[in-house]
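*Asks:*
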Amino acid sequence: MHTTRRAALQAATALGLGSLLPTLWAQSSPSAYPSKPIRLVVPYPAGGGTDILARILATQLGQAWGVSVLVDNKPGASGILGNDLVAKAPADGYTVLVAITALIQAPALYAKVPYDPLRDFSPVSQLATSSDLFVVPASSPAKTLAEFIALAKARPGKLNYGTYGNGTSSHLHGELFKMAAGIHLISVPYKGAGPEVNDLLGGQLDSAFVDATSITPHLRSDRIRVLGLTGSQRHPALPEVATLGEQGLKGFEAHGWFGVFLPAGTPRPIVDKLSAEVQRIVAGAELNSRLKAMGLTPVGGSPEQLQSVLSTDLPRWEKIVRDARISLE
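Each residue of the sequence shown is one higher than the last, beginning at 1 in UniProt numbering.
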């Protein structure tokens, strides 16, 4: 008998719980996983992109495994509260995090973050990647990115750019854009992409960095013009729009992403079993088509692939925050 199991049996027997131990042991055994309800923690409010993906994932995991999979929204502190809840949860596979890029951006933006994104989580699978699009209203005299940069240089400090929040990818991209292009723009932060897009469509902003999910329904609107996008891939609905990197601006290679995580120390068989199921669901028709409709690129990668993304992108975001002197404290 395994030493740990023998010790647990002896302790339980001493407490008169010997008859319950086989059940408790089965629930924690990787080979029996899952044998009870699973909790999918979403560190953002209901209704957003992360929540939508988590609910599709929960439904399909529940159907495949025959257990209840419940979505638990735990918003607060730019996702830090929900992330920390999972980081400190039992490493048994029953508390799962559905997170976004902010997981690895927060340590650079805040003086104190209660978890280490590389040490306190076990990556499971990257669901999808995203980009921020740089957009101007149709009334803008700038027809190209080069024309916008020239306009901004001619009017230093007179033009603005909208973001979907301080410390978000759009804010970081905006500050990087200013440094890379050598221009001065005024940041206009919003509480979410919804009001930002509304003002952009209404012509109240000179420009904006907007996430692909929020702007995709308006890509063919005659009220906006897309001048470029972040990441290394063009938007599938706008193949004619070059990335910022293709247009000569460096540092925008990192993609935004949605990913699934477990607490660090979760047994590898559990990580692998959940990862395989998530990859199957992402490749399936329902979630795959939903991701594309949201302007996202489906991934469904392995734990190692997601770990590589974290290790590569974390220093990239740290450099942007450091060089732009961004602080949310």
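Heads up, the beta-carbon is just placed ideally off N, CA and C, and yes, glycines get one too.
#1: Suppose only complete runs of 3+ residues qualify. What are the beta strand (DSSP E) ranges in the stretch 36 to 115, listed by chain order?
#2: Which same chain residues, not among the five before or five after ALA46, have their C-beta less than 6 Å away from its C-beta?
#3: Sort LYS319, GLU277, ALA193, SER302 by Cα distance to residue 338 and report the nearest one.
#4: When the Cα atoms are used, what is the spatial distance from ALA108 to GLY194?
#5: Taking GLY157 as the reference, which of LEU145, TYR33, LEU185, SER170 has the closest Cα?
#6: For THR168, does the count of other Cβ atoms within 10 angstroms reach 16, so buried, or fall short, so exposed?
#7: Can you tell which of ALA77, SER139, VAL124 has its C-alpha closest to the C-alpha of ALA111?
#8: Assuming THR129 contacts TRP317 under a Cβ cut-off of 8 Å, what Cβ separation, rounded to an integer in Å, is found between them?
#9: Is the stretch 257 to 276 in contact with the stretch 239 to 249, if contact means three or more CB pairs nearer than 8 Å?
#10: Kindly indicate which three-state DSSP category SER214 falls into: helix, strand or coil?
#11: In chain order, what residues of the same chain have a beta carbon less than 8 Å from the beta carbon of residue 360, not counting five sequence neighbours either side?
#12: Could you pull the start and end residues of the alpha helix (DSSP H) that SER307 belongs to?
#13: What are the partner residues of LEU229, as DSSP defines its beta bridges?
#14: Let's test the definition: count the other Cβ atoms within 10 Å of the Cβ of ASN198 and tell me whether it reaches 16, buried, or not, exposed.
#15: Closer than 7 Å by C-beta to PRO189: which residues in its own chain qualify, once you throw out the five before and the five after it? Chain order, please.
#16: In whole angstroms, what is the alpha-carbon distance linking THR23 and GLY231?
#17: Quick check: PRO43 and TYR94, are their CB atoms within less than 8 Å of each other?
#18: Contact check, GLY49 vs MET294 under 8 Å by CB: the rounded distance?
#19: Start and end of the beta strand (DSSP E) containing PRO263?
#20: Short check: CB of PHE121 to CB of LEU97, under 8 Å?
#21: For VAL113, I'd like the list of residues in its chain whose CB is within less than 7 Å of its CB, leaving aside the five on either flank, ordered along the chain.
#22: Kindly identify the DSSP beta-bridge partner or partners of TYR161.
#23: Quick one: is the Cβ of PHE252 within less than 7 Å of any heavy atom of the ligand COA?
#24: Using beta-carbon positions only, say whether SER275 and VAL124 come within less than 8 Å of one another.
#25: Starting from the C-beta of GLN279, find all residues in its chain whose C-beta is less than 8 Å away, skip the five residues before and the five after it, and write them out in chain order.
#26: Assign LEU200 to one of three DSSP states: helix, strand, or coil.
#27: When we look at the beta-carbon of ALA26 and count the other beta-carbons within 10 Å, is it buried (16 or more) or exposed?
#28: Rounded to whole angstroms, what's the CA-CA distance from ILE56 to VAL136? Just pull it up for me.
#29: Where does SER122 fall in DSSP's three states?
*Replies:* Put simply:
#1: 38 to 42, 69 to 73, 95 to 100
#2: Start at 1 with the first residue of the sequence shown, and residue 46 comes out as number 46. Hits under 6 Å: ASN73.
#3: Not covered by the structure: residue 338. The range shown for the chain is 1 to 329.
#4: Mapped onto the sequence shown, residue 108 falls at position 108. Mapped onto the sequence shown, residue 194 falls at position 194. ALA108 and GLY194: Cα-Cα distance of roughly 26 Å.
#5: As a working mapping, residue 157 is identified with position 157 in the sequence shown. Closest option to GLY157, Cα to Cα, is LEU185.
#6: As a working note, residue 168 is residue 168 in the sequence shown. Buried is the call here.
#7: Reading the sequence shown from its first residue, position 111 is the one you call residue 111. When only C-alpha atoms are compared, the closest one is ALA77.
#8: Locating residue 129 in the sequence shown gives position 129, where the first residue counts as 1. Locating residue 317 in the sequence shown gives position 317, where the first residue counts as 1. Their Cβ separation, rounded to whole angstroms, is 15 Å, which puts THR129 and TRP317 out of contact at 8 Å.
#9: no
#10: Here the question's residue 214 lines up with position 214 in the sequence shown. Helix, per DSSP.
#11: Since the first residue of the chain shown is 1 and the last is 329, residue 360 is not available in this structure.
#12: Within the sequence shown, residue 307 is the residue found at index 307, counting from 1. Sequence check: residue 307 is Gln here, not Ser. First-last of the alpha helix (DSSP H) with GLN307: 303 to 324.
#13: Translated into the one-based positions of the sequence shown, residue 229 becomes position 229. DSSP, once it has assigned bridges, lists LEU133, THR243 as partnering LEU229.
#14: Here residue 198 refers to the residue found at position 198 of the sequence shown. Burial call: exposed.
#15: Position 189 of the sequence shown, counted from the start, is the residue given in the question as residue 189. Same-chain partners within the cutoff: THR163, GLY165, ASN166, HIS171.
#16: Position 23 of the sequence shown, counting from 1, holds the residue named residue 23. Position 231 of the sequence shown, counting from 1, holds the residue named residue 231. Below a pLDDT of 50, predicted positions are generally treated as unreliable, and THR23, at 46, falls in that range; no measurement from the model is reported.
#17: As a working note, residue 43 is residue 43 in the sequence shown. As a working note, residue 94 is residue 94 in the sequence shown. No, the pair does not count as a contact, with Cβ atoms beyond the cut-off.
#18: Residue 49 sits at position 49 when you count from the first residue of the sequence shown. Residue 294 sits at position 294 when you count from the first residue of the sequence shown. Going by Cβ atoms, the distance from GLY49 to MET294 rounds to 6 Å, so yes, they are a contact pair.
#19: Here residue 263 refers to the residue found at position 263 of the sequence shown. Looking at the DSSP string, the run of the beta strand (DSSP E) that includes PRO263 is 256 to 263.
#20: On the sequence shown, position 121 is the one that residue 121 refers to. On the sequence shown, position 97 is the one that residue 97 refers to. In contact: PHE121 and LEU97 (Cβ atoms closer than 8 Å).
#21: If you number the sequence shown from 1, residue 113 lands on position 113. Only ILE80, ALA106, PRO107 meet the Cβ criterion.
#22: Here residue 161 refers to the residue found at position 161 when the sequence shown is read from its first residue. Note: TYR161 sits in a beta bridge opposite SER187.
#23: Ligands displayed in this structure: none; no statement on the ligand COA is therefore possible.
#24: Position 275 of the sequence shown holds residue 275. Position 124 of the sequence shown holds residue 124. Against a cut-off of 8 Å, the Cβ pair of VAL124 and SER275 comes out as a contact.
#25: Taking the first residue of the sequence shown as position 1, residue 279 is located at position 279. Once the five neighbours on either side are set aside, the close Cβ partners of GLN279 are SER125, GLY300, GLY301, SER302.
#26: Residue numbering aside, residue 200 sits at position 200 when the sequence shown is read from its first letter. Here LEU200 sits in helix by DSSP.
#27: Numbered from its first residue, the sequence shown carries residue 26 at position 26. No answer about ALA26 holds up, because its pLDDT of 46 lies below 50 and its placement is not dependable.
#28: To locate residue 56, count along the sequence shown from 1; it is residue 56. To locate residue 136, count along the sequence shown from 1; it is residue 136. Approximately 33 Å between the Cα atoms of the pair.
#29: If you number the sequence shown from 1, residue 122 lands on position 122. It is a strand residue.
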